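Below is one structure; the comments refer to it alone.
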Amino acid sequence: MTYDAIVIGLGAMGSAAAAHVARRGASVVGLEQFHAVHALGSSHGKSRIIRQAYYEDPAYVPLVLRAYELWRELETVTGATLLQRTGGIMVGTAEGELVRGSLRSAREHGLEHELLDAAELRKRFPATTPRAEEVGVFERPAGILFPEECVRAHLLAASAAGADLRFETPVTCWQRTAGGGVRVDTAAGDTIEARSAVVCGGAWLAKLVPGLRVSLRVERNVMHWFAPRSHPELLGADRLPIFMLQRAEQPLFYGFPNIRGQGVKAAFHHSGEYSEPHLLRREVGDAEIETARTALSAWLPDAAGSHVDSVACMYTLTPDEHFLIGVLADHPQVVIAGGFSGHGFKFSSVVGEIAADLALQGSTRHRIDRFALRRFA
Ligand SMILES: Cc1cc2nc3c(=O)[nH]c(=O)nc-3n(C[C@H](O)[C@H](O)[C@H](O)COP(=O)(O)OP(=O)(O)OC[C@H]3O[C@@H](n4cnc5c(N)ncnc54)[C@H](O)[C@@H]3O)c2cc1C
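FYI, the numbering for the sequence shown is 114 to 490, going by my numbering.
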């Protein structure tokens, strides 16, 4: 049988791509090297931020607005709770990239937002301790996605629409067929053919597509959870939004309120520790836990109680930290969705839609020129 599409990698992006292809009535096989919803890639760790006033670039805003619609649609289709709105605050000095960029996106796209000074921040969110010179951009629609539930929901939607999903099935190589399609070999010895392929390999992308000609780096980043030290009533999602904090003495720091009794989660956006997926240092040392606790303590003193857990995860960084979405110049039947640079999860629903457009129609109505592979040619 020749499928309409093969999806390689069934993490955040691949599960969404498989669901979108299958829901359009096309035949799709999805191949994943590990089991479903595993914790060895980039899509584990209980929570991901979703926000609209995108400081990184206003080009992301239309995509994130569509992503919200698709997350709600997926909740309806599967009955799962995937997105919890908590509001979000982006805090730093008025001149800093986080505040300026968030305001720029909010203004360019007419997004609902408020600019709060330090006193207003303290009043609205009493657990926070902003410095006198800090301000915050507050956006009400921001919130939390539950990544494991999201991936599971996309896999469920894909299977329900007829997708053939195969786990514990590493892809060893792929090539173009004489007929202009794609042939994929698996470690199990199977050969599968399709008219198109969608490669969503996450941190393994460079290995899967040796001819990519983009230098990708895999960065180890750790998520930490702490139990409240005092005033737990100020740390729940009704009193504390998700936050991002830019301070000169540390990398961008972000976190989540205490939801589902997990404790407050906090992490740095970059670590500067680069690795390979199979060599990733998964154990977390005391010193890095204490560094995170110190940053948390300076912003949310009530939250920096006993350590609950720390988990390592991987970013796949492109040179400019913007995504890679498009087809390969010399293999237009091969769609690449990768290099999400530590901020892709919120978009996975819309990336699935775009990947299905490109695989089945060769084009998409979404503006994806910002993410073109050719910018690194
Ligand atoms: C600590 C941390 C915090 C983050 N916080 C946020 C956030 O708050 N908001 C946000 O929007 N984003 C966030 N991100 C980024 C986001 O989680 C990622 O961009 C996103 O999950 C990447 O999805 P993916 O599908 O590319 O990768 P993955 O979900 O890792 O999927 C890739 C899949 O490909 C499979 N695969 C690879 N090679 C093969 C092969 N040869 N054969 C078969 N299968 C293969 C892998 O096993 C894996 O399942 C965060 C990331 C990390 C690490």
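Where is the CB? At the ideal position from N, CA and C, for every residue including glycine. Just so you know, these numbers come straight off a predicted model, no measurement behind them.
Original post:
Any heavy atom of ligand 1 closer than 7 Å to the Cβ of residue 395?
Top reply: The residue you call residue 395 lines up with position 282 of the sequence shown. No, the Cβ of residue 395 stays beyond 7 Å of every heavy atom of ligand 1.
Subject >> residue 146 Cβ short of 7 Å to ligand 1 heavy atom set >> reply: Residue numbering aside, residue 146 sits at position 33 when the sequence shown is read from its first letter. It does: the Cβ of residue 146 is within 7 Å (strictly closer) of some heavy atom of ligand 1.
Subject >> residue 239 in three-state terms, based on DSSP >> reply: Counting from one through the sequence shown, the residue named residue 239 turns up at place 126. Coil.
Original post:
How about residue 453: is its Cβ closer than 7 Å to a heavy atom in ligand 1?
Top reply: As a working note, residue 453 is residue 340 in the sequence shown. At least one heavy atom of ligand 1 is nearer than 7 Å to the Cβ of residue 453, so yes.
Original post:
Just checking my contact of residue 405 with residue 425 at CB under 8 Å: how many whole Å lie between their CB atoms?
Top reply: To locate residue 405, count along the sequence shown from 1; it is residue 292. To locate residue 425, count along the sequence shown from 1; it is residue 312. Their Cβ separation, rounded to whole angstroms, is 13 Å, which puts residue 405 and residue 425 out of contact at 8 Å.
Original post:
Between residue 223 and residue 172, what straight-line distance do the alpha-carbon atoms span, to the nearest angstrom?
Top reply: For the purposes of this step, residue 223 is identified with residue 110 of the sequence shown, where counting begins at 1. For the purposes of this step, residue 172 is identified with residue 59 of the sequence shown, where counting begins at 1. One C-alpha to the other measures close to 13 Å.
Subject >> Same chain, Cβ closer than 7 Å to residue 278, neighbours up to 5 away in sequence not counted >> reply: Translated into positions along the sequence shown, residue 278 becomes position 165. Excluding residues within five positions, the ones whose Cβ falls inside 7 Å are 123, 131, 143, 268, 271, 272.
**OP:** Give a yes or no on whether the C-beta atoms belonging to residue 265 and residue 458 are separated by under 8 Å.
**Re:** Position 152 of the sequence shown, counted from the start, is the residue given in the question as residue 265. Position 345 of the sequence shown, counted from the start, is the residue given in the question as residue 458. The answer is no: Cβ separation not under 8 Å.
**OP:** Report yes if the CB atom of residue 260 is closer than 8 Å to the CB atom of residue 165, and no otherwise.
**Re:** Your numbering for residue 260 matches position 147 in the sequence shown. Your numbering for residue 165 matches position 52 in the sequence shown. No, they are not a contact pair.
**OP:** Starting from the N-terminal side, write out each stretch of the beta strand (DSSP E) that is 3 residues or longer and does not extend beyond the region 276 to 336.
**Re:** Fully enclosed beta strand (DSSP E) runs of no fewer than 3 residues occupy 277 to 279, 284 to 289, 295 to 299, 304 to 312 of the region 276 to 336, in order along the chain.
**OP:** Kindly indicate which three-state DSSP category residue 162 falls into: helix, strand or coil?
**Re:** Within the sequence shown, the letter at position 49 stands for residue 162. Note: residue 162 maps to strand in three-state DSSP.
Original post:
Closer than 7 Å: is that where the CB of residue 316 sits relative to any heavy atom of ligand 1?
Top reply: Walking along the sequence shown from the start, residue 316 turns up at place 203. Residue 316: yes, Cβ under 7 Å from ligand 1.
Subject >> Pick from 187, 281, 381, 362 that is closest to residue 136, judged by C-alpha positions >> reply: Mapped onto the sequence shown, residue 136 falls at position 23. Closest option to residue 136, Cα to Cα, is 187.
**OP:** Taking all protein chains shown into account, decide if residue 431 is buried (16 or more other Cβ within 10 angstroms of its Cβ) or exposed.
**Re:** Residue numbering aside, residue 431 sits at position 318 when the sequence shown is read from its first letter. Looking at its Cβ environment, which holds 16 or more other Cβ atoms inside 10 Å, residue 431 is buried.
**OP:** Compute the distance between the beta-carbons of residue 103 and residue 147, then report whether it is under 8 Å.
**Re:** Nothing can be reported for residue 103: it is not among the residues displayed for the chain, which extend from 114 to 490.
Subject >> Min CB distance residue 483 to chain D below 8 Å >> reply: Among the chains in the structure shown there is no chain D, since it carries only a single protein chain.
Original post:
Can you give the Cα-Cα distance for residue 208 and residue 219, rounded to whole angstroms?
Top reply: To locate residue 208, count along the sequence shown from 1; it is residue 95. To locate residue 219, count along the sequence shown from 1; it is residue 106. Taking C-alpha positions only, residue 208 is separated from residue 219 by approximately 16 Å.
Original post:
What is the rounded straight-line gap between the Cα of residue 358 and the Cα of residue 202?
Top reply: The count along the sequence shown starts at 1 and reaches residue 358 at position 245. The count along the sequence shown starts at 1 and reaches residue 202 at position 89. Straight-line Cα distance between these residues: approximately 8 Å.
Subject >> Residue range of the unbroken alpha helix (DSSP H) whose run includes residue 126 >> reply: Residue mapping note: residue 126 aligns to position 13 of the sequence shown, counting from 1. Residues 125 to 136.
Original post:
Which residue spans inside the region 322 to 403 form an unbroken beta strand (DSSP E) run of at least 3?
Top reply: Complete beta strand (DSSP E) runs here, min 3: 330 to 339, 355 to 358, 366 to 369, 377 to 381.
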